[in-house]
Amino acid sequence: MPVLSVSTSYPRQPLVDWDLITEPQTSANNRRIHFARGKTLGGCSAINTLGYHRGSIGSYQYWADLVGDQSYTWPNILPYFKKSTTLTPPDLAKRNVQNATVLYEPKAFDNSLNGPVQVSWGNWVDITGTWLALGMQSIGLPLSPTGFSSGILSGYGGWVTSEIKAKDATRSSSEASYLRQAIEDTDIMVYTHTQAQRILFDQGTPQKANSVLVSTNGYEYIISANKEVILSAGVFHSPQLLMVSGIGPKATLEANDIPVVVDLPGVGQNLQDQIFFDVLSGVNTPNTAALVADPTQTANLLSNYFNNATGPYSSAGGFIAFEKIPPSMRNFTKRTSDLLNTIPADWPELEYIVLAYPNTPGANATTVGAMSGTIQAPFSRGNVTISSSSMLDPPLINMGWLTDPADGELLVAAVKRCRQAWASDVLKPIKVGPEILPGPDVQSDADILVWLRGVVAPVWHPSSTCSMGKKGL
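Numbering follows full-length UniProt numbering, with no gaps: position 402 of the sequence shown is 402.
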């Protein structure tokens, strides 16, 4: 089934993707994973699935306490969220589908500030998704009355907002929002088709960056800074650029004949990533992918999109839900329980996403429904390092998936919760046949974990390889 392969469900696009491949993941059946990263203006915001929501109030307090800076608490950071966004309410006439009610808190936004990032809801709702959303609600995850931008996530489901310009249903990437505005308002110059090769430092103040060696189509030259050098090359390339420039673990730098500017062991460490799985079942409802694949519908669908901002091309967002694992399923080891107790009380442990896939390529495909689960605060850690002193060589990426046993326990519980949703009475009218994945033979916790090691895939939310924090942590 094509849906089961990450590489075919999300085809590679080397013109806009760095096309990075991880090292073999020892706790995920030694699989090497294609990890998409945006190679274009806007970076990953130009190729992602557009979802927009904010963290929990407690998670920001945790962040502030961890780094010793109370500016990151919810009350202090919320004004910047408001300053950065403009919200357009859903177009109910275009979203005219049952069981797709959108609830949100308007006070979480302030459109008078004219924030550059446009936030709204798509004008197309997948029918299968509306049914699966009912399944999630049936296991105790009701619609959030405030949406997911007010600091309250856990215990609720909802139709997630997207970074989308409602007027024409186009992507509001960082390029389409911040960069275009900056180009209009300032003298900023953008060097396209140009890659940073090394950060250069002041000879008199060796740890003060003053310029960057870059390469455009193989031609190297230096861009000097009048004020400061800001490094923002993403979760994989930022630590790589630091290391080839002499900032990172001393042993790694010396092994690659790189002069040490700062011995900073944490560079490239602490990599964390959400991973997800699909619990699949056949359903008798339509699927958007098959509609888009039907060549007889192409002209009509494109016309609806370009002329009315409607149809499947106008939407990417769907239904998601968050929760702490219910008491009846919290038969964790003491170690896992202790780890979970370090997470703020309002920080969800799990997130669920409902999806629909075609079971075969083409316009005549029947539908496979997916209840997908992912960990919100994974305990496994990976790392990024270098294979040479050159940015032209890709970084060495170890995601560290499932290396902490606690993540396995959480994902097993998530599989069981997805199965509970599939077993709900509300989904009986659409289910067709037995469970496809994991399948009826996969029942014990041990068997579920074995299955998970072979199927978990990235949500493409890696972070923390250049972590903030207090000295000594």
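Yeah, the Cβ is synthetic: ideal placement off N, Cα and C, and Gly gets one too. As the structure is a prediction and not an experimental result, all values here were calculated from the model.
Inset, instruction - Taking leucine 56 and tryptophan 347 to be in contact with their CB atoms under 8 Å, please state how far apart those CB atoms are, rounded to whole angstroms. - result: Looking up residue 56 in the sequence shown gives position 56. Looking up residue 347 in the sequence shown gives position 347. Note that residue 56 corresponds to serine in the displayed sequence, not to leucine. Rounded, the Cβ-Cβ distance is 5 Å, consistent with contact.
Legend entry - Residue span of the alpha helix (DSSP H) that contains phenylalanine 306, given as start and end: Numbered from 1 along the sequence shown, position 306 holds the residue referred to as residue 306. Counting along the chain, the alpha helix (DSSP H) containing phenylalanine 306 begins and ends at 298-308.
Inset, instruction - For the alpha helix (DSSP H) holding tryptophan 63, just list the boundary residues, first then last. - result: Locating residue 63 in the sequence shown gives position 63, where the first residue counts as 1. For tryptophan 63, the enclosing alpha helix (DSSP H) has its first and last residue at 57-67.
Inset, instruction - With isoleucine 223 as the anchor, note down where its beta strand (DSSP E) starts and where it stops. - result: Locating residue 223 in the sequence shown gives position 223, counting from the first residue. 219-224 is the extent of the beta strand (DSSP E) around isoleucine 223.
Legend entry - Proximity of leucine 20 and arginine 37 at Cβ, strictly below 8 Å: Stepping through the sequence shown from its first residue, residue 20 is reached at position 20. Stepping through the sequence shown from its first residue, residue 37 is reached at position 37. Taking 8 Å as the Cβ cut-off, leucine 20 and arginine 37 qualify as a contacting pair.
Inset, instruction - Classify proline 249 as buried or exposed, calling it buried when 16 or more other Cβ atoms lie within 10 Å of its own Cβ. - result: Here residue 249 is taken as the residue at index 249 of the sequence shown, counted from 1. Proline 249 is buried by the Cβ-count criterion.
Legend entry - Spatial distance of residue 482 from valine 412 (CA atoms): For residue 482 there is no data in the structure shown, the boundaries of the chain being 1 and 473.
Inset, instruction - Leaving aside the five residues before and after serine 390 along the sequence, list all residues of the same chain whose C-beta is less than 8 Å from its C-beta, in chain order. - result: As a first step, residue 390 is located in the sequence shown; it is residue number 390 there, counting from the start. Cβ neighbours of serine 390 within its own chain (closer than 8 Å, five residues either side excluded): Gln197 and Val244.
Legend entry - Limits of the unbroken alpha helix (DSSP H) element including alanine 293: Residue numbering aside, residue 293 sits at position 293 when the sequence shown is read from its first letter. Here the alpha helix (DSSP H) through alanine 293 covers 288-293.
Inset, instruction - Please classify residue 481: does DSSP put it in a helix, a strand, or coil? - result: Here the chain comprises residues numbered 1 to 473, so residue 481 is not present and cannot be evaluated.
Legend entry - For glycine 122 and alanine 169, believed in contact at Cβ under 8 Å, the rounded distance: The residue labelled residue 169 in the question sits at position 169 within the sequence shown. The residue labelled residue 122 in the question sits at position 122 within the sequence shown. At roughly 7 Å, the Cβ-Cβ gap stays under 8 Å, so alanine 169 and glycine 122 are in contact.
Inset, instruction - Tell me whether the beta-carbon of glutamate 351 lies closer than 8 Å to the beta-carbon of glycine 155. - result: For the purposes of this step, residue 351 is identified with residue 351 of the sequence shown, where counting begins at 1. For the purposes of this step, residue 155 is identified with residue 155 of the sequence shown, where counting begins at 1. No, the pair does not count as a contact, with Cβ atoms beyond the cut-off.
Legend entry - glycine 42 beta carbon less than 8 Å from that of glutamate 175: Walking along the sequence shown from the start, residue 175 turns up at place 175. Walking along the sequence shown from the start, residue 42 turns up at place 42. Contact flag set, yes.
Legend entry - Nearest neighbour of serine 463, chosen from Ile139, Gly51, Leu15 and Val235 [CA to CA]: Walking along the sequence shown from the start, residue 463 turns up at place 463. Measuring from the Cα of serine 463, the nearest candidate turns out to be Val235.
Inset, instruction - Sort out for me which residues DSSP pairs glutamine 272 with in a bridge. - result: One-based indexing of the sequence shown puts residue 272 at position 272. Checking the DSSP bridge columns, you'll see glutamine 272 partnered with Ser463.
Legend entry - Straight-line Cα distance separating glycine 140 from proline 327: Residue numbering aside, residue 327 sits at position 327 when the sequence shown is read from its first letter. Residue numbering aside, residue 140 sits at position 140 when the sequence shown is read from its first letter. Proline 327 and glycine 140 have their C-alpha atoms spaced approximately 13 Å apart.
Legend entry - Cα-Cα separation, alanine 414 to phenylalanine 379: In the sequence shown, counting from the first residue as 1, residue 414 sits at position 414. In the sequence shown, counting from the first residue as 1, residue 379 sits at position 379. Per the coordinates, the alpha-carbon of alanine 414 lies some 15 Å from the alpha-carbon of phenylalanine 379.
Legend entry - Proximity to leucine 449 [Cα-Cα], best of Val432, Glu409, Gly439 and Pro434: Locating residue 449 in the sequence shown gives position 449, where the first residue counts as 1. It is Glu409 whose Cα lies nearest to the Cα of leucine 449.
Legend entry - Option nearest serine 177 by Cα separation, candidates Pro116, Gly400 and Glu184: The residue you call residue 177 lines up with position 177 of the sequence shown. Ranking the options by Cα distance to serine 177, first place goes to Pro116.
Legend entry - Residue from Leu103, Ala377 and Pro434 whose Cα sits closest to the Cα of threonine 336: One-based indexing of the sequence shown puts residue 336 at position 336. Comparing Cα positions, the closest option is Ala377.
Inset, instruction - Mind reading off the beta-carbon distance from threonine 86 to glutamine 118? Whole number of angstroms is fine, and I expect it under 8 Å. - result: Along the sequence shown, read from residue 1 onward, the residue named residue 86 stands at position 86. Along the sequence shown, read from residue 1 onward, the residue named residue 118 stands at position 118. Yes, threonine 86 and glutamine 118 are in contact; Cβ-Cβ is about 6 Å, under 8 Å.
Legend entry - Local conformation of glutamine 25 per DSSP, three classes: Counted from its first residue, the sequence shown places residue 25 at position 25. Residue state for glutamine 25 is assigned as strand, using DSSP reduced to three classes.
Legend entry - DSSP state of aspartate 263 mapped onto helix, strand, coil: Start at 1 with the first residue of the sequence shown, and residue 263 comes out as number 263. In the structure shown, aspartate 263 sits in a strand (DSSP, three-state: E or B).
Legend entry - At least 3 beta-carbon pairs within less than 8 Å: the region 104-115 vs the region 287-303: No contact exists between the region 104-115 and the region 287-303.
Inset, instruction - State whether the region 128-136 contacts the region 314-323, with contact taken as three or more CB pairs (one from each stretch) at a distance under 8 Å. - result: The region 128-136 vs the region 314-323: in contact.
Inset, instruction - Measure from the alpha carbon of alanine 233 to the alpha carbon of each residue in Lys470, Leu78, Lys39 and Ala209, then state which is nearest. - result: In the sequence shown, the residue the question calls residue 233 occupies position 233. Alanine 233 has its Cα closest to that of Lys39, out of Lys470, Leu78, Lys39 and Ala209.
Legend entry - C-alpha gap between threonine 465 and tryptophan 401, whole angstroms: Locating residue 465 in the sequence shown gives position 465, counting from the first residue. Locating residue 401 in the sequence shown gives position 401, counting from the first residue. So the two alpha carbons sit approximately 15 Å from each other.
Inset, instruction - Would you mind reading off the limits of the beta strand (DSSP E) that contains lysine 431? - result: As a working mapping, residue 431 is identified with position 431 in the sequence shown. Lysine 431 -> beta strand (DSSP E) spans 431-437.
Inset, instruction - May I ask which residues mark the beginning and end of the alpha helix (DSSP H) holding threonine 336? - result: On the sequence shown, position 336 is the one that residue 336 refers to. Annotation for threonine 336: the continuous alpha helix (DSSP H) segment containing it runs 334-340.
Inset, instruction - Could you spell out where the alpha helix (DSSP H) holding glutamate 184 opens and where it closes? - result: By one-based count along the sequence shown, residue 184 stands at place 184. Element bounds for glutamate 184: 180-185.
Legend entry - Neighbourhood of isoleucine 386 by C-beta, 7 Å cutoff - its chain only, sequence neighbours within 5 removed: The residue given as residue 386 occupies position 386 in the sequence shown. Residues of the same chain with a CB within less than 7 Å of the CB of isoleucine 386, apart from the 5 flanking positions on each side, are Gln240, Met243, Val244, Thr252, Asn256, Pro395 and Leu396 in chain order.
Legend entry - Classification of alanine 446 by the beta-carbon crowding that lies within 10 angstroms, buried from 16 upward: Here residue 446 corresponds to residue number 446 of the sequence shown, with the count starting at 1. Counting the other Cβ atoms within 10 Å of the Cβ of alanine 446 gives fewer than 16, which makes it exposed.
Inset, instruction - Please look up how many angstroms separate the CB atoms of glycine 158 and glycine 147, rounded, as I've assumed it's under 8 Å. - result: Counting from 1 along the sequence shown, the entry for residue 158 is found at position 158. Counting from 1 along the sequence shown, the entry for residue 147 is found at position 147. Correct: roughly 6 Å between the Cβ atoms.
Legend entry - proline 75 in three-state terms, based on DSSP: As a working mapping, residue 75 is identified with position 75 in the sequence shown. The three-state reading of DSSP puts proline 75 in helix, counting H, G and I together.
Inset, instruction - Pick helix, strand or coil for proline 327, following the three-state DSSP scheme. - result: Taking the first residue of the sequence shown as 1, we reach residue 327 at position 327. Reduced to three states, the DSSP call for proline 327 is helix.
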